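Chemist: One structure is given below, represented as structure tokens, and several questions about it will come after.
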Amino acid sequence: MAPDRPDRRLRRLVAAAALAPALTLAGCALGPDFKRPDGPPGDHVVAPPAAETLRAADRSQRFDRNADVPAKWWAGLGSRELDALVDDALAHSPTMAAAQAALRQSQDALRAGYGVFYPQIGANAGATREKSVFVLSHTPILIGPYNLATAGASVSYVPDIFGLQRRTVEGLRAQSDVQRYNVLAAYLSLTANVVNTSVARAGYQTQRDALRDIVLMQDDQIRIAKVQFEAGTAAYSAVVALQSQQAANAASVAALEQRIEQSEHLLAQLGGRTPADAPMPAFALEDLQLPAELPDTLPAVLARHRPDILAAEASLHAASAQIGVATADLFPSLTIGGTAGVSQSSVAGLLHSGISFWSAQAELAGSLFSGFSQWYSRRAAIDAYDQSLANYQQAVLAGLTQVADAMTALKHDAQALRAQTDALTAAQEGLKLTRANYEAGTAGYLDLLNADSQYQQARLGYVGAVAQRLQDTVALYAALGGGWWSDANPASVPIGVDHDHLR
């Protein structure tokens, strides 16, 4: 029988190592298999359920169990300028870029982790010149100098008998899921902040304009009060009181101007631009629509939609995998491998003939005693899982609380807006009557200015109530998770997120 050639031995060695993953499949993965936590019980987020229609200022809102959050929920406000502002922020936000880079990093770490399931194959080649002395008897024998060239390959594999590698990769996959949900959380936070800040900016602008009108009217009031004082028909204290009110209103105008500019600076930051270069589309508060149908989601469904809850769940999964890693570390590990190659006195000779060599080895290694460090490492992993479970439960409770706060806030917003609407209607009617009396000569110009000032004050309260209702609607959409799941292929889902996986 012809002897095996070195290349044949090498091929057999590589083929045997290629079959080594079968040992992994034959093994068992120690530690708990992760089970997704049950969603919170109950049929409603708030009790009693908010089933009534919220009517105020000719605008109604109603909670509907069949309604869902649209993927681009901000489009329901009916402003193309706002839509463009959100799209621009999504395209240029450093926050989104950082979150997506972290996701890619976790995905690459996961791909690197999969390498443990495959044999590790190496190759080497070398050339040396040596001079050796051998002592076989009382007389040393000198050999050399001579040349020695070698070429070979090595294969090693660690069968995953107890699931150490599988649990490690499971943990990496869970960490990648954490980053996926962090991208969604950044996306939700960015869109909600842009919309909320834009609504606040529009409200500040409307209030500022109303206060400016009041300040201008108070100029006339002060002028008339001074005339009456000079005529001896009024005390000078009336002039001082009006001047004090005007100064306070002027200070309020300045404060609103500051809030408007701060809102614009924040919008620039959210959009990844400097305050001087950020586009600021103009839209009025009255241009924004109020969504009529609001979702009344199940608590268990909420837990499957909010990115922060999903991230906490993925962290819980990673902690579960670490228990398996620590458990498998209690048991010995097996390493198998081998080497094969040829040697010759010259490099060129390696291509034709040479002296072959090979070796095969298997090693079983484990700790006999390490001061119980591995045991307590497993206990620490269990404690970390308990902590992650508590954090998950806290995230669920916080999410439910935010949704409940937003739902009840909308109820009270409708009540406040109805009251402000009544006040505005009454002030408007009073202004109308005073103007009629002034034209008939039964009321003075100062009375007309006072009635107009009361109307503008009522308008301020009305504008604030309208803006608050819009902002609480935005808060509800954000608390519900933002609607990324509502479309099979939503353009608003951030790049880098596996939408099907998230479902």
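Quick note: the sequence shown uses my numbering, first residue 1004, plus one each step.
The C-beta atom is built at its ideal place from N, Cα and C for all residues, glycine as well.
Predicted model only: the values in this text are computed from it and were never measured.
So, Leu1293 versus Thr1476, is the Cβ gap smaller than 8 Å?
Modeler: Mapped onto the sequence shown, residue 1293 falls at position 290. Mapped onto the sequence shown, residue 1476 falls at position 473. Yes, Cβ-Cβ distance for Leu1293 and Thr1476 is below 8 Å.
Chemist: Along the chain, where does the alpha helix (DSSP H) containing Arg1204 start, and where does it finish?
Modeler: Counting from 1 along the sequence shown, the entry for residue 1204 is found at position 201. Taken as a continuous stretch (DSSP letters only), the alpha helix (DSSP H) holding Arg1204 covers 1167 to 1233.
Chemist: Does DSSP put Ile1358 in a helix, in a strand, or in coil?
Modeler: Here residue 1358 refers to the residue found at position 355 when the sequence shown is read from its first residue. In this structure, Ile1358 counts as strand in the three-state DSSP scheme.
Chemist: Using 10 angstroms around the beta-carbon of Trp1378, count the other beta-carbons present and answer buried if the total reaches 16, otherwise exposed.
Modeler: The residue labelled residue 1378 in the question sits at position 375 within the sequence shown. That one is exposed.
Chemist: Helix, strand or coil for Ile1164, going by three-state DSSP, please let me know.
Modeler: Your numbering for residue 1164 matches position 161 in the sequence shown. The answer is coil: DSSP assigns Ile1164 none of H, G, I, E or B.
Chemist: Where in the region 1367 to 1445 do unbroken runs of the alpha helix (DSSP H), each at least 4 residues long, occur, reported from the N-terminal end onward?
Modeler: Those alpha helix (DSSP H) runs which fall completely within the region 1367 to 1445 and span 4+ residues are 1376 to 1443.
Chemist: Would you say Val1089 and Val1198 are within 8 Å of each other, going by their C-beta atoms?
Modeler: Numbered from its first residue, the sequence shown carries residue 1089 at position 86. Numbered from its first residue, the sequence shown carries residue 1198 at position 195. Yes, they are a contact pair.
Chemist: By Cβ distance below 6 Å, which residues in the same chain neighbour Leu1028 in space, the five residues on each side in sequence not counted?
Modeler: Looking up residue 1028 in the sequence shown gives position 25. Unreliable placement is indicated for Leu1028, whose pLDDT of 49 sits below 50; the coordinate value is still reported in the next sentence. Contacts found: none.
Chemist: With H, G and I counted as helix, E and B as strand and the rest as coil, what does DSSP make of Arg1065?
Modeler: To locate residue 1065, count along the sequence shown from 1; it is residue 62. Note: Arg1065 maps to strand in three-state DSSP.
Chemist: Compare the beta carbon distance of Ala1368 and Ala1177 with 8 Å and say whether it is the shorter of the two.
Modeler: Within the sequence shown, the letter at position 365 stands for residue 1368. Within the sequence shown, the letter at position 174 stands for residue 1177. Going by C-beta atoms, Ala1368 is not nearer than 8 Å to Ala1177.
Chemist: Use the C-beta contact count for His1141: other C-beta atoms within 10 angstroms, 16 or more gives buried, fewer gives exposed.
Modeler: In the sequence shown, counting from the first residue as 1, residue 1141 sits at position 138. So His1141 counts as exposed.
Chemist: Would a C-beta distance cut-off of 8 Å place Gln1249 and Ile1227 closer than the cut-off?
Modeler: Here residue 1249 refers to the residue found at position 246 when the sequence shown is read from its first residue. Here residue 1227 refers to the residue found at position 224 when the sequence shown is read from its first residue. Not closer than 8 Å, so no.
Chemist: With a cut-off of 8 Å on the beta carbons, I'd call Leu1305 and Ser1391 a contact; round off their distance for me.
Modeler: Counting from one through the sequence shown, the residue named residue 1305 turns up at place 302. Counting from one through the sequence shown, the residue named residue 1391 turns up at place 388. Actually they are not in contact, since the Cβ atoms of Leu1305 and Ser1391 sit about 20 Å apart, beyond 8 Å.
Chemist: Could you give the DSSP three-state label for Gly1486: helix, strand or coil?
Modeler: Counting from one through the sequence shown, the residue named residue 1486 turns up at place 483. Reduced to three states, the DSSP call for Gly1486 is coil.
Chemist: How many angstroms separate the CA atom of Gly1042 from the CA atom of Gln1459?
Modeler: Within the sequence shown, numbered from 1, the residue matching residue 1042 stands at position 39. Within the sequence shown, numbered from 1, the residue matching residue 1459 stands at position 456. The alpha-carbon atoms of Gly1042 and Gln1459 are separated by roughly 50 Å.
Chemist: What did DSSP end up calling Leu1121 once you bin it into helix, strand or coil?
Modeler: Taking the sequence shown and counting its residues from 1, one reaches residue 1121 at position 118. Reading the sequence as shown, one finds Tyr at residue 1121 and not Leu. Tyr1121 falls in the coil class under three-state DSSP.
Chemist: Taking 7 Å as the limit between beta carbons, can you name the residues of its chain near Gly1340, skipping five residues before and five after?
Modeler: Here residue 1340 refers to the residue found at position 337 of the sequence shown. Hits under 7 Å: Ser1157, Val1158, Ser1159, Tyr1160, Gln1364.
Chemist: Have a look at Tyr1441 and Ala1285 and give me their C-alpha separation to the nearest angstrom.
Modeler: Counting from 1 along the sequence shown, the entry for residue 1441 is found at position 438. Counting from 1 along the sequence shown, the entry for residue 1285 is found at position 282. Whole-angstrom Cα-Cα distance: 38 Å.
Chemist: Measure the alpha-carbon distance for Ala1446 versus Thr1437 and round it to whole angstroms.
Modeler: Position 443 of the sequence shown, counted from the start, is the residue given in the question as residue 1446. Position 434 of the sequence shown, counted from the start, is the residue given in the question as residue 1437. If I take the Cα positions, the gap works out to 7 Å.
Chemist: Do three or more CB pairs link the region 1031 to 1039 to the region 1327 to 1337 at distances below 8 Å?
Modeler: A contact exists between the region 1031 to 1039 and the region 1327 to 1337.
Chemist: Taking Ala1417 and Leu1057 to be in contact with their CB atoms under 8 Å, please state how far apart those CB atoms are, rounded to whole angstroms.
Modeler: Position 414 of the sequence shown, counted from the start, is the residue given in the question as residue 1417. Position 54 of the sequence shown, counted from the start, is the residue given in the question as residue 1057. Correct: roughly 4 Å between the Cβ atoms.
Chemist: Does the contact criterion of 3 or more C-beta pairs under 8 Å hold for the region 1059 to 1066 versus the region 1293 to 1302?
Modeler: The region 1059 to 1066 is in contact with the region 1293 to 1302.
Chemist: Helix, strand or coil for Gly1042, going by three-state DSSP, please let me know.
Modeler: Translated into positions along the sequence shown, residue 1042 becomes position 39. Coil.
Chemist: Measuring only the C-alpha atoms, how far is Trp1487 from Gly1206?
Modeler: Taking the first residue of the sequence shown as 1, we reach residue 1487 at position 484. Taking the first residue of the sequence shown as 1, we reach residue 1206 at position 203. So the alpha carbons of these two residues sit roughly 28 Å apart.
Chemist: Shortest alpha-carbon distance to Asn1381 belongs to which of Arg1307, Ala1321, Ala1331?
Modeler: Locating residue 1381 in the sequence shown gives position 378, where the first residue counts as 1. Reading off the sequence shown, one finds Arg at residue 1381, where the question assumed Asn. Among Arg1307, Ala1321, Ala1331, the Cα nearest to that of Arg1381 belongs to Ala1331.
Chemist: Assuming contact is defined by CB atoms lying nearer than 8 Å, are Asn1127 and Ser1348 in contact in what I supplied?
Modeler: In the sequence shown, residue 1127 corresponds to position 124, counting from 1. In the sequence shown, residue 1348 corresponds to position 345, counting from 1. Not closer than 8 Å, so no.
Chemist: Tell me the rounded alpha-carbon separation between Leu1026 and Asp1163.
Modeler: Within the sequence shown, the letter at position 23 stands for residue 1026. Within the sequence shown, the letter at position 160 stands for residue 1163. Interpretation of Leu1026 is limited by its pLDDT of 48, a score under 50 that renders its predicted location unreliable; the figure taken from the coordinates is listed afterwards. Going by the C-alpha atoms only, they are around 7 Å apart.
Chemist: Where does Gly1079 fall in DSSP's three states?
Modeler: Your numbering for residue 1079 matches position 76 in the sequence shown. Gly1079: helix per DSSP, three-state reduction.
Chemist: What's the C-alpha gap between Met1099 and Val1345?
Modeler: Working through the sequence shown from its first residue, we reach residue 1099 at position 96. Working through the sequence shown from its first residue, we reach residue 1345 at position 342. Answer to the nearest angstrom: the Cα atoms are 55 Å apart.
Chemist: I believe Ser1109 touches Gln1182 by the beta-carbon criterion, under 8 Å. Please report the beta-carbon distance rounded to the nearest angstrom.
Modeler: Mapped onto the sequence shown, residue 1109 falls at position 106. Mapped onto the sequence shown, residue 1182 falls at position 179. Yes, Ser1109 and Gln1182 are in contact; Cβ-Cβ is about 4 Å, under 8 Å.
Chemist: Quick check on Pro1284: does DSSP put it in helix, strand or coil?
Modeler: For the purposes of this step, residue 1284 is taken as residue 281 along the sequence shown, with counting starting at 1. Pro1284 falls in the coil class under three-state DSSP.
Chemist: Return the bridge partner residues of Thr1131 from the DSSP annotation.
Modeler: Here the question's residue 1131 lines up with position 128 in the sequence shown. Answer is Leu1151, bridged to Thr1131.
Chemist: Rounded to whole angstroms, what's the CA-CA distance from Val1256 to Ala1195? Just pull it up for me.
Modeler: Reading the sequence shown from its first residue, position 253 is the one you call residue 1256. Reading the sequence shown from its first residue, position 192 is the one you call residue 1195. Those two C-alpha atoms are separated by around 27 Å.
Chemist: Using DSSP bridges, identify the partner residues of Pro1298.
Modeler: Residue mapping note: residue 1298 aligns to position 295 of the sequence shown, counting from 1. DSSP lists Asp1067 as partners of Pro1298.
Chemist: Count the C-beta pairs between the region 1401 to 1416 and the region 1463 to 1477 that are closer than 8 Å, then say yes if the count reaches three, no if not.
Modeler: Counting Cβ pairs under 8 Å, three or more are found: they touch.
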